[in-house]
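Engineer: First the structure, which I've put down as structure tokens, then a few questions once you've had a look.
Dropping the structure here:
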């Protein structure tokens, strides 16, 4: 499946502890670069989150942001150490009986260190839910990449059809080009009043045909078109392979242009360059 390197996804998870949301966005990049931002209390999750991303994606500049909103009610709930409070009350009553003075103030008992404590959130449980949400965000992110990838694939296939059409045009013109060049060579020899033996004339014509023959370049271009279609069908990341194929396309189109002695062939060579460049631009966004 062709995947674009440009995508965005967001996934939110809620619990008794509050809510958390992941945001993923990416742009094209030759390799995989990941930038992660998260609250300080979850910094220990960064290597794990980075590994989750690395196992799912191969290319692109990835920005990954975690936002965390704690539930203030859960955060403010207090725990009473009943055993310690009871011991303090008993001790206060004993002191009062010994001195027959003073009053037991419940607030003072509650202020005693260790009697009251804030309920700590179970960060391990929260982390498990947050990482599960990251996997969900990655699922959405990959679907977004694949959706965009289908559009890129359609554009590339459209250009490949254009390349094939130009190859057919050039092939159809070559017999006429060879005939015209042959007549041109004979005409120049006649104007120069140069008489060549039939064998020598045929040798010159063979050399001339070899110089302008583009059959090999056209064959290779057709092979590149076929191979590009095959690459587009592969299931793994194909961006680098497609980029290499564009280099091969350019090499053959340059040779074709250099051999051109006909305006129509020249126009086809130029059109090939335009189509190849359009494909190359789209391929820069493919994973």
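In UniProt numbering, the protein residues as written are 1 to 287.
The C-beta atom is built at its ideal place from N, Cα and C for all residues, glycine as well.
All figures in this text were calculated on a predicted structure; none of them were measured in a lab.
1) Measure the alpha-carbon distance for residue 46 versus residue 112 and round it to whole angstroms.
2) Secondary structure at residue 229, three-state DSSP: helix, strand or coil?
3) Given residue 162, which residues of its chain have a CB within under 8 Å of its CB, disregarding the five upstream and five downstream residues?
4) State the DSSP-derived secondary structure class of residue 27, mapped to helix, strand or coil.
5) Taking Cβ to Cβ, would you say residue 237 is nearer than 8 Å to residue 58?
6) Along the chain, which unbroken stretches of the beta strand (DSSP E) at least 3 residues long are found entirely within the UniProt domain "Endoribonuclease YicC-like N-terminal" (2-153)?
7) How many Å lie between residue 17 and residue 11 at the Cα?
8) Classify residue 94: buried if its beta carbon has 16 or more other beta carbons within 10 angstroms, exposed otherwise.
9) With the cut-off set at 8 Å, would you say residue 156 and residue 232 are in Cβ contact?
10) Would you kindly check if the distance between the Cβ of residue 25 and the Cβ of residue 63 is under 8 Å?
11) Check whether the segment 129-137 and the segment 242-258 touch, using three or more Cβ-Cβ pairs below 8 Å as the test.
12) Measuring CA to CA, which of 222, 6, 114, 279 is closest to residue 165?
13) Where residue 267 and residue 284 are concerned, what is the direct C-alpha to C-alpha distance, given to the nearest angstrom?
14) Could you spell out the range, first to last residue, of the alpha helix (DSSP H) harbouring residue 247?
15) When burial is assigned at 16 or more other CB atoms within 10 Å of the CB, is residue 6 buried or exposed?
16) Between 83, 40, 60, 80, which has its C-alpha nearest residue 66's C-alpha?
17) Please name the residue or residues paired with residue 286 in a DSSP beta bridge.
18) At the level of alpha carbons, what is the spacing between residue 256 and residue 169?
19) Under 8 Å between the Cβ atoms of residue 1 and residue 149?
20) Could you compute how far the alpha carbon of residue 83 sits from the alpha carbon of residue 114?
21) What did DSSP end up calling residue 234 once you bin it into helix, strand or coil?
22) Which one of 68, 109, 86, 60 has the shortest CA to CA distance from residue 127?
23) Please list, in chain order, all residues of the same chain as residue 38 whose beta carbon is under 8 Å from its beta carbon, the five residues on each side excluded.
24) Taking residue 282 as the reference, give the member of 158, 224, 226, 52 with the closest Cα.
25) Helix, strand or coil: how does DSSP classify residue 262 here?
26) Taking only the alpha-carbon atoms, compute the straight-line gap between residue 106 and residue 51 and give it to the nearest angstrom.
Structural biologist: The relevant details are as follows:
1) 39 Å
2) helix
3) 271, 275
4) strand
5) yes
6) Complete beta strand (DSSP E) runs here, min 3: 7-15, 18-27, 32-37, 60-70, 78-80, 116-118.
7) 17 Å
8) Answer is exposed; the Cβ neighbour count stays below 16.
9) In contact: residue 156 and residue 232 (Cβ atoms closer than 8 Å).
10) yes
11) Under the three-pair Cβ rule at 8 Å, the segment 129-137 does not count as touching the segment 242-258.
12) 222
13) 26 Å
14) 239-259
15) buried
16) 40
17) 4
18) 13 Å
19) yes
20) 10 Å
21) coil
22) 68
23) 45, 46, 49, 65, 66, 68
24) 158
25) coil
26) In a straight line, the C-alpha of residue 106 is about 52 Å away from that of residue 51.
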